[in-house]
Amino acid sequence: MEEYVIELSHISKSFPGIKANDDISINLKKGEIHALLGENGAGKSTLMSILFGLYEPDSGKILLNGKEVKIKNPNDATKYGIGMVHQHFKLVECYSALQNIILGFEPTKFGFLRPKIVRKSLEDLCTKYHFDIDLDEKIENMTVGAQQKVEILKMLYRKNDILIFDEPTAVLTPQEIDNLLQSMRDLAKEGKSILFISHKLNEILSVSDRVSVLQRGKCLGTFNTKDTDAKMLSNLMVGRDVELTIQKEEPKNGKEILLVKNLSVFNNEKKKETVHNVSFNVREGEIVCIAGIEGNGQNDLIYALTGLEKVKNGEIILRNANCKDYINKLQTEYKENWYTKVKHNINTFITYIGYRLCGFFNYIGFEIQNCYQYIKNSVINLFKKENKIEVVWNQWTKLPKFNEVKNQPLIGDIHLEQLTIRQRNIRGISHIPEDRHKHGLVLDFNLRDNLVLNKYFEKKFQFAGFIKNKDRESYARELIEKYDIRSGKHEKSIVRSMSGGNQQKAIIARELDKNAPLLIAVQPTRGLDVGAIEAIHHHILDSRDKGNGVLLVSLELEEVMNLADRILVMYNGDIVGQFDPKKVTTNELGLYMSGAKRQDVNAILKEGEKVDE
Amino acid sequence: MNNFLNKCKDFFRPVAITSHSILKREGSKNLISAAISILLGLFLGFIVMLLVEPSGAFKGLGALISTGFSNAQNFNRVVYKAIPMIFSGLSIAFAFRLNLFNIGITGQVTLGAFCSIIVGLSGANWFICLLVGMLSGAAAGLICGFLKAKFGVNEVLSGIMLNWVIYYFIGLCGRIWLPNSFKDRIETSNLLVMPDNGRMPSLGIPNMGDISVGLIIAIIVVAVIFIVLNYTNFGFELKMSGRNKDAAKYSGVSQTKSIILALLISGALAGICGYMLYSDPIAPSKFLWDSGSNTLLSDGFNGISVSLIAQNSPIGCIFSSIVLTVIDSAQNTLSTISGSYNVHYTELIKSVVIYLAALSSFIGILYRRLNEKIDAIPYFSRDEKNINSKGA
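Sequence lines, in order, name chains A and B.
First residue of the first sequence? That's 1067 in this note's numbering, and the numbers climb one at a time after it.
First residue of the second sequence? That's 3 in this note's numbering, and the numbers climb one at a time after it.
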């Protein structure tokens, strides 16, 4: 009989309503990479949490080197040499790498902290596994890949022999993924045993020795990776044939719908400019995809387009004049009569006063800032002989004029910069937000209310300010039918109790049913399983084929390559490249995403504009 | 016999199902947890009475519950004390829809009372006084709302500070600008009581002269606020902003507008409370603008307890304020039963009830678990097939 480092035998764990793990037995040999494959909700994370001591199993045993052990909390797990790299890193942002590594197991001398003692051994580990990181660098200044290496070092420092990687590749570029997989192979050679959770088939095929497939809490079996292939694994995982690559027609490029010119966004929380001078366009009937690693300004760009964040500089122009269906809807919905005219004028007046007031306070603040800069620069100039700093009185704080504040028309070329979120939505933007719990849904509301969350004011759902609940209900039933949203009590079920996939379907139903000329989708398939992803991709493609423009932000390169008609790569707040997905490889994209290469995008875009005209 | 039992079960099943589905609602959950906290409070009070003076405990408990309704005079007292409390409770409950804690209510009440009495003394009729009280309360609320919405100043901080600002401002006004004809001749730190023209008209029920138009206004306002919160777009927006601020922003609800309006309306309700506190039809109380003891009016803070017991429901505010005043009114009767049941005693019971009401979310959780268990029993499920398959 073979020696196993870890044996999980007959583990069961149930939560109210679901059986997350049902009699799962998995074992891990010394020095092997064992992959765990399964859809979302298949029970991978639960199983690993049990092994790491975050949950206790209802029944079943954990054997360590043949002896039964009880793991009640993560400290026990560390004691037995089990370490885990979480999908979202557990690092202290403002500490250096070294401080993070020793956190929890600090080397001390006479009760005082002495990190020097372990420094040498950590440096040795770095050279041994080719980890190219600076131990004194702060975590917040590191790239995601480097942060992950810090996590791995942390486990090695604690002398863990069993390493769990929970979807480690989700946030990395292709180059970083290659590095990680190589490190994993090295670690396994050194005799470490690795459990690798993923739902990316190609990684599993390339790195693992054995693979266990989970489906709905049950283990379908463990296979030698050599004997399997991608198709077989995906069929096992989902339980039916899945289209791994989506079939789509050629885009029929129409006229421009969205035009962004020299857009800059200043993020108030991070206190820095996160988007610099970005220009691009989206045409009718095409999917433009913004690729990039998380935190490179994609979010702030989208927030600026949808109105959640203010625009510092630049223009956003929406051209909805060509979308006949939507215009008809707008015209019937917002027919002008004396009441709307009066309301419009009052609104305009109040907004204007508000702008003047805010502008006044901003103006004073900025003037003080400018004054300070001006004086500082002049003083520096006094002492500097060469390379004089150009002293300019900053002019970007001009007060808005009345005609800038005036409400933009409903139809035509609309400048969105000064409009409120509601005004933008009405004029033809639908937005699938990144964080469905934060922005997309009110979890305590029922499905009926969530499906009208941003259209409750339409004539269909209200009369003189009073809610028409029956119409809301029938509308909700219609959408539930059309988009196959499954829930316990249909339109009356509280959204918090629904599964993630169905919550996302609810948002997609709400946004796509608007049939707005521009659809902005941010990571619409985040955290969903293959089946749900397939459905959502089809919905987005349908929207494109109807002639709407789609702007998609995604971190998953596979999704980008599958869906996009045009790819824009964002790095550090700039658009560094524009590609045709048919003519580019993921590796090439990875180089641009990590900032190793960049194109002169403005020149390319200008050429494109000329062709349009 | 068994057969008969089964028939009984079948017969009562529809009743059981309907009552279960009614009890499952959010409203009944709130009602039941409020009732439980009140009963527990009374029970604890009973135990304290047993400890202090065992012989009078049962009599005392009876008095506690029944005194408020024992005769017309007592009932009169209960109702006229409850009316302003309903408004202060509503004020807190309304702001709480947006997760705003309007602790500035005391200042708003004080300002409302002061302004309305001044206007009343200058000869305006009661409706104008009411309006002035309302508007001045609203103005105080607006300041908090504006600061919160535009500059992110915490409404609790600005509210508390504004309370003191208003308190001393009124003192200053009284000392410097107020004509002597408005002041009490003997105690110059008192305003004159509200004159006849400014008092609320009595409804003219015999022996219950203190019950005034205020009661009708209270009921109408409660109804209007209930409808606004539950059946209008504005209520939907407020609810959305309260439950998930970011989602509300995403769907285009202006946070500035919601916050300012919520605190404005809350302040207006507090202002009405202020007017009603000092304009009783028969014997209105005196308004002290310079008491020298540096204490704020406690009438505003009562609203917090009212709203807590009512679980922030507008209709609940009526009943919870009546419960509190009923307990209050038992004070005199209790002291006749035994000398050891003194003033602290009713206050103790009130505070226990309020304390338990604050814990009622815990009762709510227990209640939900119970409901989940009942849900699992096939007898209570609407689905016919379900019961058959499980029965077989």
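Beta carbons: idealized from backbone N, C-alpha and C, even for Gly.
Source: prediction; values computed, not measured.
Less than 8 Å between the beta carbons of N1628 (chain A) and I1312 (chain A), yes or no?
Indexing the first sequence from 1 puts residue 1628 (chain A) at position 562. Indexing the first sequence from 1 puts residue 1312 (chain A) at position 246. Yes, these two residues count as a Cβ contact at 8 Å.
With distances taken Cα to Cα, identify the nearest neighbour of L1130 (chain A) among A:L1476, A:I1228, A:L1545.
Against the first sequence, residue 1130 (chain A) aligns to sequence position 64. Taking only the C-alpha atoms, the option nearest L1130 (chain A) is A:I1228.
Whose Cβ in chain A lies nearer than 9 Å to the Cβ of N32 (chain B)?
The residue given as residue 32 (chain B) occupies position 30 in the second sequence. Correct list: empty, because the minimum Cβ distance to chain A is about 14 Å.
Evaluate S21 (chain B) with the Cβ neighbour count: other Cβ atoms within 10 Å of its Cβ, from every protein chain shown; 16 or more gives buried, anything less gives exposed.
For the purposes of this step, residue 21 (chain B) is taken as residue 19 along the second sequence, with counting starting at 1. S21 (chain B) comes out exposed.
Pull up the DSSP beta-bridge partners for R187 (chain B), would you.
On the second sequence, position 185 is the one that residue 187 (chain B) refers to. According to DSSP, R187 (chain B) bridges with nothing at all.
Give the interface partners of F1523 (chain A) over in chain B, defined as CB-CB distance under 7 Å, in chain order.
As a first step, residue 1523 (chain A) is located in the first sequence; it is residue number 457 there, counting from the start. Those are N235, listed as they occur along chain B.
Beta-carbon proximity of N1516 (chain A) to V1588 (chain A), cut-off 8 Å
As a first step, residue 1516 (chain A) must be located in the first sequence, where it is residue number 450. As a first step, residue 1588 (chain A) must be located in the first sequence, where it is residue number 522. Contact flag unset, no.
Kindly identify the DSSP beta-bridge partner or partners of Y1070 (chain A).
The sequence position of residue 1070 (chain A) within the first sequence is 4, counting from 1. Answer is A:K1095, bridged to Y1070 (chain A).
DSSP three-state assignment for E1339 (chain A), whether helix, strand or coil:
Here residue 1339 (chain A) corresponds to residue number 273 of the first sequence, with the count starting at 1. If DSSP states are grouped into helix, strand and coil, E1339 (chain A) belongs with the strands.
Once the 5 residues before and after N314 (chain B) are set aside, which same chain residues still bring their CB inside 6 Å of it?
Residue mapping note: residue 314 (chain B) aligns to position 312 of the second sequence, counting from 1. Around N314 (chain B), the same chain offers A95, F98 as residues with beta carbons nearer than 6 Å, after the five sequence neighbours per side are excluded.
Any Cβ of chain A within less than 8 Å of the Cβ of R245 (chain B)?
Here residue 245 (chain B) refers to the residue found at position 243 when the second sequence is read from its first residue. Output row for R245 (chain B): interface = yes.
Does N1491 (chain A) have its Cβ less than 8 Å from a Cβ in chain B?
Residue mapping note: residue 1491 (chain A) aligns to position 425 of the first sequence, counting from 1. At a cut-off of 8 Å, the C-beta of N1491 (chain A) has a neighbouring C-beta in chain B.
Mind pulling the chain B residues with CB within less than 7 Å of F1231 (chain A)?
Taking the first sequence and counting its residues from 1, the one referred to as residue 1231 (chain A) is at position 165. Under the 7 Å cutoff, chain B gives no residues; its nearest Cβ is about 32 Å from F1231 (chain A).
Write down the C-beta distance between D330 (chain B) and K83 (chain B) rounded to the nearest angstrom, noting that I regard them as a contact closer than 8 Å.
Within the second sequence, the letter at position 328 stands for residue 330 (chain B). Within the second sequence, the letter at position 81 stands for residue 83 (chain B). For a cut-off of 8 Å, the C-beta gap from D330 (chain B) to K83 (chain B) is around 7 Å, short enough to register as a contact.
Would you mind sorting Q2 (chain B) into buried or exposed? The rule is 16 or more other CB atoms within 10 Å of its CB.
Here chain B has residues from 3 to 394 only, and residue 2 (chain B) is not among them.
Roughly how many angstroms lie between the CA atoms of N156 (chain B) and K150 (chain B), to the nearest whole one?
Within the second sequence, numbered from 1, the residue matching residue 156 (chain B) stands at position 154. Within the second sequence, numbered from 1, the residue matching residue 150 (chain B) stands at position 148. Approximately 6 Å, taken between the alpha carbons.
Under 9 Å between beta-carbons, which chain A residues line up against G254 (chain B)? List them in chain order, please.
By one-based count along the second sequence, residue 254 (chain B) stands at place 252. Neighbours of G254 (chain B) in chain A, taken as residues at a C-beta separation under 9 Å, are given in chain order as G1373, T1486, I1487, R1488, Q1489, R1490, N1491, I1492, N1520, F1523.
Cutoff 7 Å; reference Q1461 (chain A); Cβ partners in own chain excluding five residues on either side
Taking the first residue of the first sequence as 1, we reach residue 1461 (chain A) at position 395. Residue placement at Q1461 (chain A) is poorly supported in this model, since its pLDDT is 46, which falls under 50; the coordinates are not used for a value here.
Could you compute how far the alpha carbon of G254 (chain B) sits from the alpha carbon of Q1489 (chain A)?
Residue 254 (chain B) sits at position 252 when you count from the first residue of the second sequence. Residue 1489 (chain A) sits at position 423 when you count from the first residue of the first sequence. Cα to Cα, the separation comes out at about 8 Å.
Assign S287 (chain B) to one of two classes, buried (16 or more other C-beta atoms within 10 Å of its C-beta) or exposed (fewer than that).
Working through the second sequence from its first residue, we reach residue 287 (chain B) at position 285. Exposed.
Run through chain A and tell me which residues come within less than 7 Å of D248 (chain B), C-beta to C-beta.
Numbered from 1 along the second sequence, position 246 holds the residue referred to as residue 248 (chain B). Within 7 Å Cβ-Cβ: K1504, H1505.
Which chain B residues are close to Q1528 (chain A), counting only those with a beta carbon under 8 Å from its beta carbon?
One-based indexing of the first sequence puts residue 1528 (chain A) at position 462. Those within 8 Å of Q1528 (chain A) in chain B are N235.
Taking only runs of the beta strand (DSSP E) that begin and end inside the segment 1491-1529 of chain A, which ones reach a length of at least 3 residues, in chain order?
1495-1498
Beta-bridge partners of L1103 (chain A), as assigned by DSSP
Numbered from its first residue, the first sequence carries residue 1103 (chain A) at position 37. DSSP output for L1103 (chain A) lists A:S1264, A:V1279 as bridge partner(s).
Can you tell me whether Y1637 (chain A) is helix, strand or coil according to DSSP?
Residue 1637 (chain A) sits at position 571 when you count from the first residue of the first sequence. Here Y1637 (chain A) sits in strand by DSSP.
From the DSSP secondary-structure annotation, give me the bridge partner or partners of L1129 (chain A).
Residue numbering aside, residue 1129 (chain A) sits at position 63 when the first sequence is read from its first letter. DSSP, once it has assigned bridges, lists A:E1073, A:E1134 as partnering L1129 (chain A).
Counting only Cβ pairs nearer than 7 Å, list the residues of chain B close to V1508 (chain A).
Position 442 of the first sequence, counted from the first residue, corresponds to residue 1508 (chain A). By Cβ distance, chain B contributes M242, R245, N246, A249.
Given a cut-off of 8 Å, decide if S340 (chain B) and K91 (chain B) are closer than it, judged by their beta-carbon atoms.
As a first step, residue 91 (chain B) must be located in the second sequence, where it is residue number 89. As a first step, residue 340 (chain B) must be located in the second sequence, where it is residue number 338. Correcting the residue type first, residue 91 (chain B) is Gly in the shown sequence and not Lys. The Cβ-Cβ distance between G91 (chain B) and S340 (chain B) does not fall below 8 Å.
Here's the rule I'm using: 16 or more other beta-carbon atoms within 10 Å means buried, otherwise exposed. How should I1419 (chain A) be labelled?
The residue you call residue 1419 (chain A) lines up with position 353 of the first sequence. Residue environment for I1419 (chain A): exposed (fewer than 16 other C-beta atoms within 10 angstroms of its C-beta).
Measure from the alpha carbon of K251 (chain B) to the alpha carbon of each residue in A:A1086, A:I1551, A:K1504, then state which is nearest.
Start at 1 with the first residue of the second sequence, and residue 251 (chain B) comes out as number 249. It is A:K1504.
Look at I222 (chain B) and V81 (chain B) and say whether their C-beta atoms are less than 8 Å apart.
Position 220 of the second sequence, counted from the first residue, corresponds to residue 222 (chain B). Position 79 of the second sequence, counted from the first residue, corresponds to residue 81 (chain B). Contact annotation: I222 (chain B) and V81 (chain B) have beta-carbon atoms that are not nearer than 8 Å.
Please state whether the Cβ-Cβ distance between L1117 (chain A) and I1128 (chain A) is less than 8 Å.
Against the first sequence, residue 1117 (chain A) aligns to sequence position 51. Against the first sequence, residue 1128 (chain A) aligns to sequence position 62. Their beta carbons are under 8 Å apart, which means L1117 (chain A) touches I1128 (chain A) by this criterion.
Looking at the C-beta of F1511 (chain A), does it have a partner C-beta in chain B at a distance below 8 Å?
Position 445 of the first sequence, counted from the first residue, corresponds to residue 1511 (chain A). Yes - at least one Cβ of chain B is within 8 Å of the one on F1511 (chain A).
When you compare the CB of I1183 (chain A) with every CB in chain B, is at least one pair closer than 8 Å?
Here residue 1183 (chain A) corresponds to residue number 117 of the first sequence, with the count starting at 1. No, I1183 (chain A) does not count as interfacial toward chain B.
Under a Cβ-count criterion, where at least 16 other Cβ atoms within 10 Å of its own Cβ denotes burial, should M1250 (chain A) be classed as buried or exposed?
Within the first sequence, numbered from 1, the residue matching residue 1250 (chain A) stands at position 184. Buried is the label assigned to M1250 (chain A), since at least 16 other Cβ atoms lie within 10 Å of its Cβ.
Are G1109 (chain A) and L1280 (chain A) touching if we call contact CB-CB under 8 Å?
Counted from its first residue, the first sequence places residue 1109 (chain A) at position 43. Counted from its first residue, the first sequence places residue 1280 (chain A) at position 214. Result yes, Cβ atoms of G1109 (chain A) and L1280 (chain A) sit closer than 8 Å.
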